[in-house]
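Colleague: Residue numbers (the working numbering): 7 to 195.
Sharing a structure with you now.
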């Protein structure tokens, strides 16, 4: 018997199943048929929502980048925060995300051998977060709280520069944050 679902619900089921299978088998080894079987639908339904596996994956990456970035963006929208208050709030958001399991696809992106895929996620997140950091820095610059030559360049430098440290799983969460915090403070002053 066919079970009809809201198209957005079905689409999300396909994305979630795909990311789970990608994590288990690796992206290259998975077919749209594998994904359809995991969801319990005909392969054609997967193709109805996604013309191919690459588009499905790109949709998942962009959606996940949005999810991972959302709370950080909300912090940077608060342009009344001092740099110290902003860093304190970012630490709270990061701790909460790491400890509550908010990063649902972390097993795929942090899996050994998936560095290329993780870099794609980093790029997608950078695209989402950077404009908000740039605006936040511009406001701080206008208030005389920081001193940078170019807030756009500083935002890009901060986002790009912190990625390798944030992703270094050999360091504790707190150690990574403290290193990034110290470097950002140096850049802004």
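Idealized CB from N, CA, C, for every residue including glycine.
Around the Cβ of residue 183, are there at least 16 other Cβ atoms within 10 angstroms (buried) or fewer (exposed)?
Modeller: Reading the chain shown from its first residue, position 177 is the one you call residue 183. Its Cβ being crowded by 16 or more others within 10 Å, residue 183 is buried.
Colleague: Which residue comes first and which comes last in the alpha helix (DSSP H) that contains residue 183?
Modeller: As a working mapping, residue 183 is identified with position 177 in the chain shown. Note, residue 183: alpha helix (DSSP H), 179-194.
Colleague: Could you name the residues of the same chain whose beta carbon sits closer than 7 Å to that of residue 131, not counting the 5 residues immediately before and after it, in chain order?
Modeller: Taking the chain shown and counting its residues from 1, one reaches residue 131 at position 125. If we look at residue 131 and ignore the five residues flanking it on each side, its Cβ neighbours are 71, 74 and 75.
Colleague: Under the rule that 16 or more other beta-carbon atoms within 10 Å means buried, what is residue 191, buried or exposed?
Modeller: What you label residue 191 is simply residue 185 of the chain shown in a count that begins at 1. Exposed.
Colleague: Distance, Cα to Cα, residue 162 vs residue 126?
Modeller: What you label residue 162 is simply residue 156 of the chain shown in a count that begins at 1. What you label residue 126 is simply residue 120 of the chain shown in a count that begins at 1. Roughly 16 Å between the two C-alpha positions.
Colleague: Hey, would you say residue 20 sits closer than 8 Å to residue 41, going by beta carbons?
Modeller: Counting from 1 along the chain shown, the entry for residue 20 is found at position 14. Counting from 1 along the chain shown, the entry for residue 41 is found at position 35. Yes, the pair counts as a contact, with Cβ atoms nearer than the cut-off.
Colleague: Between residue 26 and residue 52, what straight-line distance do the alpha-carbon atoms span, to the nearest angstrom?
Modeller: Position 20 of the chain shown, counting from 1, holds the residue named residue 26. Position 46 of the chain shown, counting from 1, holds the residue named residue 52. Roughly 15 Å separates the two Cα atoms.
Colleague: Closest by CA to residue 117, which one among 31, 167 and 77?
Modeller: Counted from its first residue, the chain shown places residue 117 at position 111. Taking only the C-alpha atoms, the option nearest residue 117 is 31.
Colleague: Report the rounded CA-to-CA distance for residue 15 versus residue 22, giving the unit in angstroms.
Modeller: As a position in the chain shown, residue 15 is number 9, starting the count at 1. As a position in the chain shown, residue 22 is number 16, starting the count at 1. For residue 15 and residue 22, the distance between alpha carbons rounds to 11 Å.
Colleague: Could you have a look at residue 154 and say whether DSSP puts it in helix, strand or coil?
Modeller: Sequence index remark: in the chain shown, residue 154 carries index 148 (1-based). If DSSP states are grouped into helix, strand and coil, residue 154 belongs with coil.
Colleague: So, under 8 Å CB-CB, residue 59 and residue 36 are touching, yes? Tell me the CB distance rounded to an integer number of Å.
Modeller: Numbered from its first residue, the chain shown carries residue 59 at position 53. Numbered from its first residue, the chain shown carries residue 36 at position 30. At roughly 7 Å, the Cβ-Cβ gap stays under 8 Å, so residue 59 and residue 36 are in contact.
Colleague: Out of curiosity, what's the CA-to-CA distance linking residue 179 and residue 186?
Modeller: Looking up residue 179 in the chain shown gives position 173. Looking up residue 186 in the chain shown gives position 180. Computed Cα separation, rounded: 11 Å.
Colleague: Do you know how far the Cα of residue 174 is from the Cα of residue 65?
Modeller: Taking the first residue of the chain shown as 1, we reach residue 65 at position 59. Taking the first residue of the chain shown as 1, we reach residue 174 at position 168. About 26 Å.
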